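Residue numbers (the UniProt record's numbering), protein chains in the order written: chain A, 1 to 243; chain B, 1 to 567. Positions of the beta carbon are idealized from the N, C-alpha and C atoms, including for glycine. None of the values given here were measured: they were computed from a predicted structure.
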Amino acid sequence: MALPATTPNVRVVTLTIDGRDLSAREDETIIEVCRENQIPIPSLCYLDGLSIWGGCRLCVVELEGQGRLFAACSTRVAEGMRIQTNTEKLQRYRRVIIELLFAERNHVCSVCVSNGHCELQWHAQKCGVDHVSVPYRQAAYPVDSSHEMFRMDHNRCILCTRCVRVCDEIEGAHTKDVMGRGSDCQIITDLAAPWGDSDTCTSCGKCVQVCPTGALVKQGTSAGEMVKDQHFLPILARRRHAQ
Amino acid sequence: MLLTGQDNEKAIIRELMKTLGSERSELIPILLAVQDEFGYVSEFSMQFIADQLKMSANEVYGVATFFHFINKKPKGKFIIRLSRDMSSIMKGAKSVARQLRNDLGIRMGETTPDGMFTLEWTSCIGMNYQAPAMMVNNEVFSNLTPPKVHRIIEDCRQELYAHRPTVGNVGETHASTLSYASHEPNAALNRLVQQRMSPADVSGELTVSGLKGRGGAGFPTGVKWNLASKAEGDVKYIICNADEGEPGTFKDRIILGKYADLVFEGMTLAAYAVGATEGIVYLRYEYTHLRPHLETILAARRKANLLGENILGKPGFCFDIRIHMGAGAYVCGEETALIESLEGRRGEPRNRPPYPVEKGFLGRPTVVNNVETLATASCIVARGAKWFTSIGTERSKGFKLFSVSGDCARPGVYELPWGMTVQQLLELVDGQGAKAVQVGGYTGELVPASQFDRVMGYEDLGIGGSIIVYGQGREMLEVAENYLEFFIEESCGQCTGCRIGNTKLLDGVRLLQKGTCSNRYLNDLIGLSHSIKTTSKCGLGQASPNIFIAINEHFKEEIMARPVLAA
Ligand SMILES: Cc1cc2nc3c(=O)[nH]c(=O)nc-3n(C[C@H](O)[C@H](O)[C@H](O)COP(=O)(O)O)c2cc1C
Ligand code: SF4
Ligand code: SF4
Ligand code: FES
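What follows is the structure, given as structure tokens:
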């Protein structure tokens with residue numbers, strides 16, 4: 001859990017990001033420091049207030065003197081770090097990652113209730129994805145509309161696990177989890193049962209709000225209408241953390 | 001009182017938990033035990049286990065569906081798992097599969113209607129030198145031929161009981177494990193006690209010896225032990241990584257079969273060096289047949305006061321070892337994924353740092369070492385670092401065990417000094433004239449014949465020790481297809497590139513096979529390969545595209561020369 005703990009005796013380190021000299025607390029991650037300083041880093045699985053997953057790999061940055069890349073969301077800053085966040089190489093890798101996410105399942109934006117309010121779509125535009133260079137996987141995924149208020153469309157899920165984490169860490173219900181392995185992974189409700197049958201779900205709707213795409217939506221919205229609100233999260237997370 | 005089926009199930013699970021414990025870290029052993037009892041783990045059992053361990057039922061479900069060898073549905077009485085590694089394929093696994101399908105009348109992945117047999121492919125089971133090989137429940141059969149499997153099926157049909165006593169089929173090989181064979185029993189521990197070596201002396205000796213981890217990553221062992229000894233923690237753990245899942249590797253199985261004492265001695269040395277009291281051997285499920293043998297040796301060691309309290313009369317030197325079974329996941333060989341699964345979670349690699357030496361099992365400082373690393377450490381402490389550094393090359397000290405399989409006359413485990421060329425090794429194992437050699441398992445490097453003068457050592461091919469020889473007739477696209485199928489099967493699924501990218505590379509290989517992959521798309525896929533390599537979290541994703549890059553680099557003419565097949 002990388003919730004900002006306000007312990008008094010953390011040291012302050014200095015580092016450079018894209019040539020800018022900055023200082024930060026040593027218990028901060030690179031992405032936190034970037035957000036504080038308005039340095040944009042694309043991210044999908046990271047969400048302020050939730051534990052760190054480090055799976056989407058969209059937030060990778062270069063560290064000087066290191067051959068491999070590091071995920072900004074799961075790497076702590078250190079004294080003297082020299083970080084590059086937006087090189088041509090990184091832009092290329094990020095485009096590949098977004099293309100792969102589009103190709104994995106079925107994202108037909110024009111009929112999606114999240115059209116225009118989707119983080120995946122937004123990143124695709126920001127990162128300059130002009131086409132998807134690999135063939136779509138075209139696998140059939142179910143849509144679960146059994147819940148009275150919400151819907152889960154697995155075709156639009158990018159497996160960021162935000163819904164799993166918010167349900168467990170903030171709501172404390174742990175209705176959602178991941179099953180399977182590799183390309184068979186899928187988000188489940190209870191023991192892979194229809195959502196509407198769940199006796200652990202409190203219908204709080206937090207998973208819907210944190211879902212970056214149109215995978216989790218409110219019933220009754222139509223194309224483009226689903227706007228999500230995640231402002232509650234950092235506040236709730238800190239409150240929970242302080243308990 | 002009349003017991004319903006479910007009450008009975010509950011009672012049995014409660015009973016199992018009495019012996020196994022009711023900590024979350026016992027989740028996977030509990031699931032395996034429940035499966036032994038009922039043949040599979042029902043949703044009802046999962047719910048009950050979750051309640052007992054005070055976790056969510058869907059978490060148990062997530063864990064159960066992560067591992068190959070946990071059945072969510074009833075399977076046959078005899079589960080036949082045929083190894084799908086490249087050595088097996090080269091030695092006729094496909095014709096064996098055909099025989100099995102015909103005999104049983106089912107396809108791969110199916111169960112016979114009478115519930116007797118289930119037939120599946122499985123990832124490498126560590127029998128490559130006697131390929132093809134398969135497991136029938138926990139028993140291993142090797143050097144298979146169609147007539148032989150036909151007989152095995154007939155035998156199974158005769159015996160109606162599902163669990164035959166497992167035989168410790170270790171298998172004789174062309175092994176030349178000289179240093180291990182001549183190791184005087186417990187010489188290292190005796191030296192430690194007699195010469196009053198301090199913990200720092202032990203890790204110091206290893207640092208001087210230049211021993212690097214034999215699990216693949218090559219981290220200096222002495223440094224690792226030293227870091228763990230300095231790490232703060234009330235309890236520390238030593239884990240022996242016996243998950244040996246790298247296709248083409250079987251050296252750890254041979255070591256555990258023949259020289260397990262050396263491994264346990266090495267763990268005890270590590271415990272002394274870092275101040276640990278508990279050791280865990282993480283044994284892959286495929287090696288269940290070794291477990292009784294290992295338990296016997298552990299018991300003998302306890303009796304001889306080589307484990308337990310005040311080891312060899314040294315006050316305060318306390319350490320014991322237990323065996324923890326894996327449940328079928330190659331990625332659990334990665335040390336942080338291994339620790340996750342030990343804690344009863346899905347075997348997904350963690351974000352590092354923190355490294356296990358600081359925060360490992362249950363957040364405590366943990367040393368994870370390969371089987372061979374630990375056995376070699378015993379030899380070094382017994383004979384001194386100088387003996388070890390006199391072998392090998394300037395930058396790669398000592399010797400290494402190589403698991404050799406594929407197109408050569410003498411497959412087996414070889415103990416060899418670092419610094420040999422690929423060509424020299426081929427001469428030794430009688431595999432001259434090869435087309436290419438896979439050095440270091442599927443995650444290693446494909447070395448074409450033009451580069452057989454390359455040296456095996458950390459200066460060049462610094463590797464885990466699996467050698468697969470490909471003869472002239474072998475098709476590199478078939479090799480690439482096999483590797484990528486393996487990585488897709490074994491990826492944990494966290495990272496976008498590893499989860500999806502590898503499936504695209506496999507599609508690309510199939511296009512190449514059909515002769516319909518354009519040069520341009522091939523270039524896109526090479527770009528994709530580099531993206532997967534650099535953005536992935538763990539070594540699996542970082543190495544999975546190696547084969548695709550290699551066939552493009554070394555065998556471009558061959559792979560582009562396919563005639564276009566009609567669709
Ligand atoms: C995908 C993957 C699989 C691995 N499998 C094994 C294995 O089966 N056995 C092993 O000893 N190390 C394996 N490793 C290496 C371990 O992560 C770790 O580096 C090693 O156990 C450390 O021990 P050593 O220093 O003695 O080599 C694997 C690594 C990765 C990335
Ligand atoms: S449903 Fe939404 S929040 Fe949950 S894993 Fe899928 S994309 Fe992420
Ligand atoms: S590289 Fe592959 S196996 Fe490793 S953590 Fe990522 S998805 Fe999992
Ligand atoms: S945001 Fe960092 S890996 Fe997903």
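- Judged by DSSP secondary structure, residue 417(B) falls within the beta strand (DSSP E) whose first and last residues are 412-417.
- With a threshold of 6 Å, the Cβ atom of residue 46(A) counts as near ligand 4, since some heavy atom of the ligand is closer than that.
- Within chain A, the residues placing a beta-carbon under 9 Å from that of residue 56(B) are 168, 173, 174, 175, 177, 190, 200, ordered along the chain.
- Here residue 225(B) carries a helix assignment [DSSP, helix/strand/coil].
- Residue 191(B) and residue 326(B) have their C-alpha atoms roughly 34 Å apart.
- The beta carbon of residue 136(B) is closer than 6 Å to those of 78, 80 in its chain, skipping five residues each way along the sequence.
- Close CB contacts of residue 287(B) within its chain, under the 8 Å cut and outside five residues either way in sequence, are with 126, 242, 244, 253, 256 (chain order).
- Close partners of residue 531(B) in chain A (Cβ separation under 8 Å): 92, 93, 96, 97.
- Under the Cβ distance rule, residue 524(B) counts among the residues neighbouring chain A, one pair being separated by less than 7 Å.
- About 15 Å separates the CB atoms of residue 29(A) and residue 79(A); that is not less than 8 Å, and the two are not in contact.
- Identification of residues in the segment 482-506 of chain B having a C-beta nearer than 9 Å to some C-beta of chain A yields 487, 488, 489, 490, 491, 492, 493, 494, 495, 496, 497, 498, 499, 500, 501, 502, 503, 504, given in sequence order.
- Neighbours of residue 285(B) in chain A, taken as residues whose beta carbon is under 8 Å from its own, are absent, since the nearest beta carbon is some 15 Å off.
- Distance between residue 470(B) and residue 351(B), taken at the CA atoms: about 36 Å.
- Within the DSSP secondary-structure output, residue 22(A) pairs in a beta bridge with 15(A).
- At least one CB atom of chain A sits nearer than 7 Å to the CB of residue 62(B).
- Taking a beta-carbon distance threshold of 7 Å, residue 54(A) counts as an interface residue toward chain B.
- In the same chain as residue 127(A), and ignoring 5 residues on each side of it, the C-beta atoms closer than 7 Å to its own belong to 42, 91, 94, 95, 98, in chain order.
- Cβ neighbours of residue 481(B) within its own chain (closer than 8 Å, five residues either side excluded): 506, 509, 510, 513.
- In the DSSP secondary-structure assignment, residue 308(B) is bridged to 319(B).
- Separation of residue 397(B) and residue 130(A) (C-alpha to C-alpha, rounded to the nearest whole angstrom) is 51 Å.
- A distance of 7 Å or more separates the beta carbons of residue 75(A) and residue 156(A).
- Residue 57(A) belongs to the set of residues whose beta carbon lies under 7 Å from a beta carbon in chain B.
- Interface residue (Cβ-Cβ distance to chain A less than 7 Å): residue 48(B) is not classified as such.
- Interface residue (Cβ-Cβ distance to chain B less than 7 Å): residue 74(A) is classified as such.
- Chain-order list of chain B residues neighbouring residue 185(A): 493, 499, by C-beta distance under 8 Å.
- For residue 38(B), the enclosing alpha helix (DSSP H) has its first and last residue at 27-38.
- A distance below 7 Å between beta-carbons, with the five flanking residues on each side excluded, links residue 210(A) to the following residues of its chain, in chain order: 47, 162, 163, 166, 230, 233.
- Ligand 2 never approaches residue 80(B) closely enough for any of its heavy atoms to be under 6 Å from the residue's Cβ.
- Restricting attention to 232(B), 313(B), 319(B), the CA atom closest to the CA of residue 264(B) is found in 319(B).
- Annotation for residue 72(A): 30, 31, 41, 59, 61 place their beta carbon closer than 6 Å to its own, counting only its chain and skipping 5 residues before and after.
- Counting the other CB atoms within 10 Å of its CB gives residue 533(B) a total of 16 or more, which places it among the buried residues.
- The segment 336-353 of chain B makes no contact with the segment 203-219 of chain B, as fewer than three CB pairs between them are under 8 Å.
- Under the Cβ distance rule, residue 59(B) counts among the residues neighbouring chain A, one pair being separated by less than 7 Å.
- The beta carbon of residue 101(A) is closer than 7 Å to those of 120, 158 in its chain, skipping five residues each way along the sequence.
- At a cut-off of 7 Å between beta-carbon atoms, residue 128(A) makes no contact with chain B.
- In the three-state reduction of the DSSP assignment, residue 139(B) falls in the strand class, which pools E and B.
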